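Order-wise, the sequence lines are chains X and R.
Residue numbering for the first sequence is 87 to 318, as defined by our numbering.
Residue numbering for the second sequence is 12 to 637, as defined by our numbering.
Quick notes on the structure that follows.
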Amino acid sequence: MVSENVEEYLECIWELTQDGTPARTTDIAKRMKFSPASVTEMLQKLDAAGYIVYEKYKGATLTEEGMRIGSTIKRRHRLLERFLVDVLGIDKEKSHDEACRLEHMLSEESERRISEIMNHPTTCPDGDPIPRMEEICKVEPDKRSVVLSDLEEGCEGTISHLRCDDSQKIRRIISMGFVPNRHLAIEERLPMNGPVLVKVGDSRVALAKDYADLVYVHVRPGCGKRRCRRGR
Amino acid sequence: MGKSVVFNRLTGIGAISSNYPGTTVEILKGEMLISGRKATIMDLPGLYSLTSGAEDQMVASRMLLESTPDVVVVVADATRLEPSIVLISQLIELDFPVLVALNMMDVARKRGEVNVPALSKTLGVPIVPTVAVTGEGIDSLLKAIETYRKEPSRFKVRYDSHIEAYLEVLARSMKDTELRYPPRGAFIKLLEGDGNFTQGIPQELRQKVQRLRNEFKEEHDEDMEVHVNRDRYGEAGRIITQVVTPIPQERTLGQKLSDLTLRPSTGIPILLLVLAGVLASIIFIGGFLEGLLMDLYASFVGDLFVDMGASIGGTLGPALMSGLDLSIQAMLALVIPYILLFYLILALLEDSGYLPRVVVLLDSLMHKVGLHGQALIPMLVGMGCNVPAILATRVIESRREKLIIATIIVMAVPCSAQMAIIVGTVGNFGGPLYVAAILAILVSLVVLLALLLHKAIKFEPGSLMIEIPDLMIPRPTNVWGKTSMRVKEFFLIAFPILLVGSLFLETLSAYGVLEAIVEPMAFFTEGFLGLPAVVIIALIFGILRKEMSYQLLIVLFGTADLASVMTVDQFFVFALVMATFMPCMSTLAAMIKEYGVKDSLKVTFASIALAFTLGGLANFLLTHVI
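Structure representation (structure tokens):
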């Protein structure tokens with residue numbers, strides 16, 4: 087079990103390294119409201135524990151394990167903010183502090199359920215992206231809906247929902263028979279970002295990627311997915 | 012699919028039907044007698060839903076909205092019942108007098124047993140099983156139309172409780188007002204976000220519905236229409252499990268072949284083979300037919316008209332007779348061997364259901380030049396005739412992309428007449444290599460134009476979404492019917508024009524006026540294009556109809572043996588100019604109707620400039636470089 091303090095640090099470093107450069111001690115100190123000296127001391131400990139790589143004068147970068155923890159906490163934080171603001175109606179300032187406390191206690195399952203209830207939001211109330219995690223890909227396949235454009239040839243399942251803000255597009259895709267609960271099978275994926283050939287009901291339809299992006303499918307267990315979406 | 016076939020069977024009018032959706036983009040009207048009364052029948056574009064984004068489907072909804080039909084015949088595909096039941100349920104909701112022609116029963120019977128009476132009872136509408144292509148069941152359909160009496164259907168799709176609750180509230184508020192359509196149906200339309208079929212609903216209720224829609228979306232993060240249609244398809248699926256007993260199917264040879272045409276590794280080679288086959292048949296079979304017909308003409312008619320002209324005497328006699336003689340030869344040399352043959356091949360391809368596969372295979376390639384696969388359908392149609400091709404651009408959503416495709420079709424996609432010119436002149440006298448050269452120029456022109464126009468007119472290419480029909484063996488009757496209908500105009504409209512044109516030109520020539528006309532242009536015709544001066548007349552007449560330019564060469568030179576008057580290089584320049592030349596009159600009219608005068612004229616002038624530039628360039632290269 088990682089301590090809350092370590093989680094806070096990793097979360098902070100995760101955020102500061104998003105621009106691709108190491109997190110500098112002074113920035114961490116400013117963010118965490120600690121003295122630079124105690125930050126340096128903590129960074130050395132984290133390095134020793136294998137969460138980060140710390141280089142003097144350059145700063146800290148996350149190891150794979152550190153990255154996993156940091157992004158998980160950040161995701162939970164932003165997801166909780168979203169939940170507190172959108173669902174419970176708590177104001178934004180308060181939601182931040184509260185999320186800061188709750189993020190360390192949230193179980194993986196609750197996190198997934200919250201995300202599901204809110205239809206997997208992608209940004210927090212401030213508009214920052216909610217990192218997606220490998221964890222999402224590990225959930226049992228029968229409970230998960232996958233976007234059609236990510237499915238492999240030979241996959242089948244039923245349509246779970248459609249997602250799009252362009253009502254014109256939604257109508258067109260509905261009129262081709264893509265509606266929830268209908269059976270669907272991927273017959274062929276054309277190379278070079280070409281269309282996907284889908285059997286929906288008794289009809290066969292070729293769909294370009296941006297239409298396939300709108301359709302989410304409950305896949306049958308055992309179906310392969312093309313690729314895992316990595317956390318950003 | 013199938014509506015047009017049913018329409019043709021009922022009215023005897025030839026509506027073009029093919030084995031892919033979107034063939035009918037306009038409403039065709041026909042008349043017939045039903046129990047001694049004149050009835051008007053309209054053929055609508057196919058639609059899966061009354062609420063749809065595509066323009067061709069909107070045409071159909073609008074027609075239903077504007078007319079008060081006595082019967083709406085839904086031609087349902089018995090092999091794909093679900094979407095048809097969804098459409099029928101929407102029509103029933105709006106209280107349209109529905110009669111169902113359950114088409115393609117022959118195929119459906121092989122796949123499962125359809126309990127037609129049970130289906131009819133569930134839906135509460137009369138159903139007549141038909142096989143339109145063979146005519147089976149058409150008499151019963153006619154009888155059913157004749158004796159149709161609307162009975163209220165009790166069939167109702169139950170939507171989820173949320174939507175039903177909305178409907179109840181809304182319907183209650185409209186209790187005292189008469190609506191043209193039943194409140195339930197009208198409100199469902201509004202809830203779906205479609206204003207059609209909702210006349211009479213007051214503004215404040217509309218706003219309320221909009222609020223409900225927003226509320227629903229907030230809550231479910233999904234549009235209301237998604238849920239509405241989920242319930243419709245759910246209901247349709249349930250009905251099907253009750254009335255259809257499927258027979259387990261082996262994968263047929265046809266299906267395996269169908270898969271091969273779609274898988275890129277085999278599909279692309281097949282596509283290339285098909286293309287090569289089409290070209291080879293036009294060049295070789297067309298050439299053979301032309302030779303055969305000209306020989307037959309020579310041995311049976313020979314100098315008949317020339318002798319007649321001589322016996323009439325005077326200046327005009329021989330001139331008019333030779334005009335007639337040459338016009339007939341021109342028809343034999345071009346229309347029958349090349350144009351008829353081409354349309355025959357096109358019809359075969361259309362009816363086999365192969366064309367949508369081309370669209371799918373080439374979609375990503377088309378994206379590279381800034382277009383999308385669906386744009387291929389109008390282009391392929393354009394290889395027959397540009398007029399329906401311009402109409403077919405309607406299947407594309409964005410106006411900009413539409414205009415770009417229309418421009419490409421006019422400038423770089425050879426229609427059957429242009430193809431006949433290419434194959435009949437430079438192909439016939441110079442060989443397949445020259446044809447290939449011109450086609451290569453045209454293909455690069457398509458690519459260049461697409462890229463350039465894409466740069467000039469900024470737009471996002473639309474995305475492909477197309478239904479792929481099963482491969483089918485084309486029915487000879489449909490293939491022949493379609494072909495003869497398309498070729499008919501070459502005899503009925505084009506031949507008279509050609510005849511009048513040739514008589515006029517022969518007369519001018521007989522009085523020696525022709526030289527005087529072509530002389531001032533000679534600097535251009537001879538100097539720039541390197542063609543005989545008199546050819547300018549053929550080019551000008553090509554504006555009326557493309558094939559006329561070739562036919563008039565025969566008239567102008569007074570012989571069907573064109574190899575004796577022009578060189579292969581000259582034919583090459585001529586064919587290249589004609590292949591890219593301005594749209595013919597009918598195409599121009601269609602363009603103006605579809606895109607307005609300004610854009611159409613721009614395209615016209617651009618294509619004239621392009622054609623002459625290419626022609627001049629080709630002449631320069633052929634005479635000075637090669």
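Here a beta-carbon is modelled for each residue, glycine too, at the ideal position from N, C-alpha and C.
Predicted model, so just to flag it, every value in this text is computed and none were measured.
Considering only the beta carbon of each residue, do residue i and residue j sit closer than 9 Å?
i, j, result
"V529(R)", "I548(R)", "yes"
"E236(R)", "I256(X)", "yes"
"A344(R)", "A571(R)", "yes"
"P163(R)", "L105(R)", "no"
"V125(R)", "V254(R)", "yes"
"P594(R)", "T624(R)", "no"
"Y561(R)", "G364(R)", "no"
"L102(R)", "V85(R)", "yes"
"V144(R)", "A358(R)", "no"
"G492(R)", "V579(R)", "no"
Quick check on residue i: does DSSP put it in helix, strand or coil?
i, result
"N489(R)", "helix"
"K186(R)", "coil"
"C223(X)", "With a pLDDT of 36 at C223(X), under the threshold of 50, the modelled position of this residue cannot be trusted; read the value that follows with caution. Three-state result, C223(X): helix."
"E42(R)", "strand"
"D228(X)", "Below a pLDDT of 50, predicted positions are generally treated as unreliable, and D228(X), at 41, falls in that range; the measurement from the model is reported next regardless. Three-state DSSP puts D228(X) in a helix."
"R315(X)", "Residue placement at R315(X) is flagged as unreliable, the pLDDT there being 38, under the threshold of 50; the coordinate-derived value follows with that caveat. Reduced to three states, the DSSP call for R315(X) is coil."
"H190(X)", "coil"
"Y302(X)", "strand"
"N114(R)", "strand"
"S246(X)", "strand"
"E239(X)", "coil"
"V88(X)", "coil"
"P215(X)", "strand"
Contact defined as beta carbons within less than 8 Å: I believe residue i pairs with residue j. What is the distance between those atoms, to the nearest angstrom?
i, j, result
"S246(X)", "P266(X)", "6 Å"
"S289(X)", "E478(R)", "6 Å"
"G204(R)", "R222(R)", "G204(R) to R222(R), Cβ: 13 Å. No contact."
"E101(X)", "K160(X)", "6 Å"
"F208(R)", "L76(R)", "6 Å"
"V457(R)", "A505(R)", "That belief does not hold up - the Cβ atoms of V457(R) and A505(R) are roughly 27 Å apart, past 8 Å."
"E517(R)", "V576(R)", "The pair is not a contact, with the Cβ atoms about 16 Å apart (cut-off 8 Å)."
"T598(R)", "A622(R)", "Contact flag wrong, Cβ pair sits at about 14 Å."
"I99(R)", "V139(R)", "The Cβ separation is near 14 Å, so there is no contact."
"R306(X)", "G263(X)", "Contact doesn't hold; Cβ gap of about 19 Å is too wide."
"P108(X)", "G152(X)", "That pair is no contact at about 12 Å."
"A89(R)", "N114(R)", "6 Å"
"E93(X)", "I155(X)", "6 Å"
The beta strand (DSSP E) that contains residue i, what's its start and end?
i, result
"D54(R)", "48-54"
"V84(R)", "83-88"
"S455(R)", "Segment 443-467 is the alpha helix (DSSP H) holding S455(R); no beta strand (DSSP E) there."
"R275(X)", "269-275"
"I138(X)", "138-141"
"T22(R)", "Careful: T22(R) lies outside any beta strand (DSSP E), inside the alpha helix (DSSP H) at 14-22."
"S363(R)", "Here S363(R) belongs to no beta strand (DSSP E); instead the alpha helix (DSSP H) covers 352-363."
"T634(R)", "Neither: T634(R) is in no beta strand (DSSP E) and is coded neither H nor E."
Relative to the C-alpha of residue i, which candidate in the options has its C-alpha closest?
i, options, result
"S370(R)", "D362(R), Y354(R), P389(R), I356(R)", "Rather than Ser, the amino acid found at residue 370(R) in this sequence is Val. Out of D362(R), Y354(R), P389(R), I356(R), P389(R) has the C-alpha closest to the C-alpha of V370(R)."
"L462(R)", "L510(R), K167(R), D150(R), V380(R)", "V380(R)"
"I260(X)", "R241(R), A386(R), I38(R)", "R241(R)"
"D610(R)", "T418(R), A590(R), D81(R)", "T418(R)"
"G569(R)", "A341(R), N397(R), D81(R), C396(R)", "A341(R)"
"N630(R)", "G541(R), M43(R), L573(R)", "G541(R)"
"E246(R)", "V83(R), L92(R), L450(R)", "L92(R)"
"A197(R)", "L61(R), S474(R), V584(R), D336(R)", "L61(R)"
"L192(X)", "H163(X), H182(X), I203(X)", "H163(X)"
"L182(R)", "G320(R), L216(R), P485(R)", "According to the sequence displayed, residue 182(R) carries Ala and not Leu. Closest by alpha carbon: L216(R)."
"C241(X)", "A271(X), S231(X), R154(X), D251(X)", "A271(X)"
"V5(R)", "L628(R), P280(R), L202(R)", "The structure shown does not extend to residue 5(R), since chain R is modelled only from 12 through 637, so no value can be given for it."
Tell me where the alpha helix (DSSP H) around residue i begins and ends.
i, result
"T615(R)", "608-631"
"M422(R)", "410-423"
"N240(R)", "235-254"
"R117(X)", "111-118"
"I432(R)", "427-433"
Name the chain B residues that come within less than 7 Å of residue i, Cβ to Cβ?
i, result
"G265(R)", "Going by chain labels, chain B is absent from the structure shown, which instead holds the protein chains X and R."
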